Amino acid sequence: MSPLTLKLIQMGFLVLLWVMVLSVAAVMRGDLFARRRTKPPKPPKAGKVARSVPAAAAAAGATAAAPAIRAEASNKPAKPAKPKRGAPRNLVVTAGAHEGTMIELGATPITIGRSAENTLVLDDDYVSSRHARLYPHEGSWVVEDLGSTNGTYLDRTRLTTAMVLPVGSPVRIGKTVLELRK
Numbered sequence: 515m516s517p518l519t520l521k522l523i524q525m526g527f528l529v530l531l532w533v534m535v536l537s538v539a540a541v542m543r544g545d546l547f548a549r550r551r552t553k554p555p556k557p558p559k560a561g562k563v564a565r566s567v568p569a570a571a572a573a574a575g576a577t578a579a580a581p582a583i584r585a586e587a588s589n590k591p592a593k594p595a596k597p598k599r600g601a602p603r604n605l606v607v608t609a610g611a612h613e614g615t616m617i618e619l620g621a622t623p624i625t626i627g628r629s630a631e632n633t634l635v636l637d638d639d640y641v642s643s644r645h646a647r648l649y650p651h652e653g654s655w656v657v658e659d660l661g662s663t664n665g666t667y668l669d670r671t672r673l674t675t676a677m678v679l680p681v682g683s684p685v686r687i688g689k690t691v692l693e694l695r696k
């Protein structure tokens, strides 16, 4: 081979190496120094979640939203909603460093990640600053990955969209496993 060809191959390899190094640095920077969001992310549209929600649960959730709207219109504080019979009441850590931790479910979303701003803070190298979120939607709880590096898994399936979380199904985030329980 000619010296010019060897020099071009060396330069191409060097450029490729630097592109890889810079992309790894960008991913690490994004994971370690996640931008703080002023507004929580919007829940997915009804069409995306409705595919995995049973029709009965969707109908029950649609009728439950009407009293909350009326309470806001009358400027009276709404009473906290009681969990329905058979509905999950707790989020339990079943494996990992925080095994046995129990979070009571309410009307507010639960965020999970390394940042101190989260509801459940996990000190794990495989967990992003804002890793995942669980929120109530039409009578069910939905789990959503917030663009984490290592992903959120529902029963061994990596989440690509928001999914309804069945009671007792394991959710794996890094080395931690969570479950909804009644």
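First residue of the sequence shown? That's 515 in my numbering, and the numbers climb one at a time after it. Every residue gets a Cβ at the ideal spot worked out from N, C-alpha and C, and that includes glycine. This structure is a prediction, so every number in the text was calculated from the model and none was measured.
Here R686 is bridged, per DSSP, to Y667 and V691. Linking E652 to L668 through their CA atoms gives a straight-line distance of about 20 Å. Residue burial annotation: M542 is exposed, with fewer than 16 other C-beta atoms found within 10 angstroms of its C-beta. By the criterion of a C-beta distance shorter than 8 Å, R603 is surrounded in its chain by P597, E618, L619, R695 and K696, once the five residues flanking it on both sides are discounted. Comparing alpha carbon positions, the residue from I687, W655 and L648 closest to S662 is I687. Apart from sequence neighbours up to five positions away, the residues of its chain that approach V606 with a beta-carbon distance below 6 Å are M616, E693 and R695, ordered along the chain.
P517 counts as exposed, since fewer than 16 other beta carbons sit within 10 angstroms of its beta carbon. A539: not part of any beta strand (DSSP E); member of the alpha helix (DSSP H) spanning P517 to L546, first to last residue. Around the beta carbon of G682, fewer than 16 other beta carbons sit within 10 angstroms, so the residue counts as exposed.
A distance below 8 Å between beta-carbons, with the five flanking residues on each side excluded, links K689 to the following residues of its chain, in chain order: A609, G610, A611, D638 and Y640. Only buried fits G627, as 16 or more other CB atoms lie within 10 angstroms of its CB. About 24 Å separates the beta carbons of A630 and P650, which is beyond the 8 Å limit, so they are not a contact pair. In this structure, DSSP gives H651 an extended state, which the three-state scheme calls strand. V635 is bridged by DSSP to G627. The C-alpha of F527 is placed about 47 Å away from the C-alpha of E613. Boundaries cannot be given for L619, as no beta strand (DSSP E) includes it and DSSP labels it neither H nor E. V606: member of the beta strand (DSSP E) spanning N604 to A609, first to last residue.
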